[in-house]
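Below is one structure, written out as structure tokens; comments come after it.
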Amino acid sequence: MRLPHFALLFAALVQGLGPAPSSPGNRVGFRPSQGDGSSPPECGKDSDGKNKCALRLCCSSSGTCGTEDAHCGNGCQSDFGSCQIAKSPDCGKDSGTASKGRKIGYYQGWNTRNRKCNQVYPEHIKTEGLTHLYWGFASIDENSFEIVPDNPADPERYIRFTNLKQTGGLQTWISVGGWHFNEPDQPTKSIWAEMVSSHENRAKFINSVKPFLDKYGFQGIDLDWEWPVDSGRGGKGAQDTQNYVELVKELRAALGEQSKVGISAMLSSDYWYVGPILRSHTDHDSFIAYDLHGAWDKDFPWYGPKIRFHADIRDIHKNIQTLWFAGLDSRQVNLGIPYYGRGFTVSDKNCMTENCAFKGASHAGECTEQDGFLSNNEIWGIIREKNLKPELNKDAMQKQVTWDDQWIGFDDGDSIGMKYQYANQACLGGMMIWAVDFDSGPG
């Protein structure tokens, strides 16, 4: 199951820097500006190194990078970034740019090995409406730097997976890496940074891609390196950024500009500074718009132990503004949608809604077995069993459901429909789902 990012964008937004080293956190793009001198300036004349904001974001009078009036208005330091709020694209909510565009579903190949129940094999995946289906994840050999299966059982299932593709319809791609690949306790954490660090190493990976795709019938490759730069997760510092760009450029050149083999990247709000450089070499990129809040919020004084939706459109909207400052083509971007919920155990059963206090994560699900997390399959099972009625929060564009002392925020058809309208309005090119095996199964 996907875990939250443990990096803060405010460090990534300083020019030349990446995500903050392995500190607990979430995917919310901007820490609320304190403006009281309690934190050292990250940009501007008083910052250590006189840093400029990446992506031409605005540097406030107190030295914080951001996209809003507090950063771009009175006192904005024009020598260290823009002082004008970028204009958001506006195609209209009925434009169909997203709703008639790409619909990408990630499939967690390991779910049949690690999940206690609700196991979903390739032939059980609900493919209706999908344009792309990604297998997550393949690995990279630490010695040869070649792309390799993550598990000995995967190759047989690759064939069952790629047999789902349709001529002129659904495409099946392989995704490489994933968030777990760079966890601090994983032996694989340094492989991405080592592989991209030299032309010779990159060539070893690149030369293995086409034979791997051809052998198993994949039509494209998705690069899921979620923590470049971060030394706590195997990164080599600022050099990772340019090395990663070189990898994508060289991979595109090796496959051919007119090649039918697709390339995409999974980019989180933690490092959208890479996106503008990659955009001319990838076919599309997916914006991670979930895990923005969770039980980890209690460790951050600017959030605290208050109930919040983990895929709240208000947070997503703030994060996505960085794209417009960077000049990214909105139609290349897919908006991420979670097929799972995150939740809390509340402090007071008489206060079970947004901004109420929580005392911990919600109880683990029977199948996913992670505190604070339930798959859509598990959520709907509980709703049916307890005869619950979910409530729509129109401001967040998410549903909530409560019982006993449990609160869960999640997406369903109603909230996803609202997010499609938002994505159409913002001229985005499609949607991305994490993960289809949270909402599929036999029968």
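In terms of mature numbering (1 follows the signal peptide of the UniProt record, and there is no 0), the sequence shown is residues -19 to -1, 1 to 424.
Here a beta-carbon is modelled for each residue, glycine too, at the ideal position from N, C-alpha and C.
From a predicted model like this one, the values you see are computed outputs, not experimental measurements.
Can the beta-carbon of residue i be found closer than 8 Å to that of residue j?
{"i": "C53", "j": "S63", "result": "yes"}
{"i": "V210", "j": "D418", "result": "no"}
{"i": "M247", "j": "D205", "result": "yes"}
{"i": "N315", "j": "G159", "result": "no"}
{"i": "A79", "j": "L409", "result": "yes"}
{"i": "Y284", "j": "D278", "result": "yes"}
{"i": "S43", "j": "C57", "result": "no"}
{"i": "T112", "j": "Q152", "result": "yes"}
{"i": "T326", "j": "D386", "result": "yes"}
{"i": "R360", "j": "G322", "result": "Checking the sequence, you will find Ile at residue 360 rather than Arg. Yes; because the gap between Cβ atoms is below 8 Å, this pair is in contact."}
{"i": "K196", "j": "L236", "result": "no"}
{"i": "D352", "j": "S343", "result": "yes"}
Hey, how far is the Cα of residue i from the Cα of residue j?
{"i": "E123", "j": "D203", "result": "19 Å"}
{"i": "L355", "j": "I363", "result": "10 Å"}
{"i": "F339", "j": "K287", "result": "6 Å"}
{"i": "D393", "j": "M413", "result": "14 Å"}
{"i": "P130", "j": "Q402", "result": "38 Å"}
{"i": "I187", "j": "K230", "result": "11 Å"}
{"i": "W415", "j": "Y88", "result": "8 Å"}
{"i": "S273", "j": "T263", "result": "Inspection of the sequence shows that residue 273 is occupied by Leu rather than by Ser. If I take the Cα positions, the gap works out to 25 Å."}
{"i": "Q167", "j": "G215", "result": "9 Å"}
{"i": "F142", "j": "N99", "result": "18 Å"}
{"i": "G86", "j": "S76", "result": "22 Å"}
{"i": "I301", "j": "R37", "result": "14 Å"}
{"i": "V157", "j": "Q239", "result": "22 Å"}
{"i": "W91", "j": "W154", "result": "16 Å"}
{"i": "S245", "j": "N405", "result": "21 Å"}
{"i": "L(-3)", "j": "N357", "result": "Summary for L(-3): the model assigns pLDDT 30, below 50, so the residue's position carries little reliability; its value from the coordinates is reported in the next sentence. Approximately 36 Å between the Cα atoms of the pair."}
{"i": "D50", "j": "F61", "result": "16 Å"}
{"i": "G149", "j": "T108", "result": "14 Å"}
{"i": "H20", "j": "K299", "result": "Residue identity differs from the one stated: residue 20 is Ser in this sequence, not His. In a straight line, the C-alpha of S20 is about 21 Å away from that of K299."}
{"i": "H161", "j": "N331", "result": "38 Å"}
{"i": "Q223", "j": "A174", "result": "11 Å"}
{"i": "R233", "j": "R96", "result": "36 Å"}
Could you give the DSSP three-state label for residue i: helix, strand or coil?
{"i": "H344", "result": "coil"}
{"i": "T153", "result": "strand"}
{"i": "G(-2)", "result": "Reliability fails at G(-2), whose pLDDT of 29 lies under 50, so the model's placement of it is uncertain and the value that follows must be treated cautiously. G(-2): coil per DSSP, three-state reduction."}
{"i": "R307", "result": "According to the sequence displayed, residue 307 carries Ala and not Arg. Here A307 sits in helix by DSSP."}
{"i": "T222", "result": "helix"}
{"i": "C72", "result": "coil"}
{"i": "N95", "result": "helix"}
{"i": "S261", "result": "coil"}
{"i": "P319", "result": "strand"}
{"i": "E49", "result": "coil"}
{"i": "P5", "result": "For P5, the predicted structure reports a pLDDT of 33, less than 50, and the residue's modelled location is therefore unreliable. The matter cannot be settled from this model."}
{"i": "Y271", "result": "coil"}
{"i": "Y284", "result": "coil"}
{"i": "L232", "result": "helix"}
{"i": "I66", "result": "coil"}
{"i": "L38", "result": "coil"}
{"i": "L145", "result": "coil"}
{"i": "N374", "result": "strand"}
{"i": "L248", "result": "strand"}
{"i": "K84", "result": "strand"}
{"i": "W206", "result": "coil"}
{"i": "A404", "result": "helix"}
{"i": "D293", "result": "coil"}
Does residue i pass the burial test, meaning 16 or more other C-beta atoms within 10 Å, or should it be called exposed?
{"i": "Q65", "result": "exposed"}
{"i": "E207", "result": "buried"}
{"i": "K241", "result": "exposed"}
{"i": "A407", "result": "buried"}
{"i": "I269", "result": "buried"}
{"i": "E104", "result": "exposed"}
{"i": "P22", "result": "buried"}
{"i": "S261", "result": "exposed"}
{"i": "S421", "result": "buried"}
{"i": "I140", "result": "exposed"}
{"i": "E350", "result": "exposed"}
{"i": "H180", "result": "exposed"}
{"i": "G398", "result": "exposed"}
{"i": "Q15", "result": "Note on Q15: pLDDT 46, under 50, position unreliable in the model; no value is reported."}
{"i": "K170", "result": "buried"}
{"i": "S59", "result": "exposed"}
{"i": "S28", "result": "buried"}
{"i": "S125", "result": "exposed"}
{"i": "Q313", "result": "buried"}
{"i": "P136", "result": "exposed"}
{"i": "N144", "result": "exposed"}
{"i": "R183", "result": "buried"}
If we define contact as Cβ-Cβ less than 8 Å, is residue i a contact residue for chain D?
{"i": "G317", "result": "Any reference to chain D falls outside this structure, which holds one protein chain only."}
Touching by the beta-carbon criterion (3+ pairs, under 8 Å), the region 369 to 380 and the region 288 to 299: Flag = yes, the region 369 to 380 and the region 288 to 299 touch.
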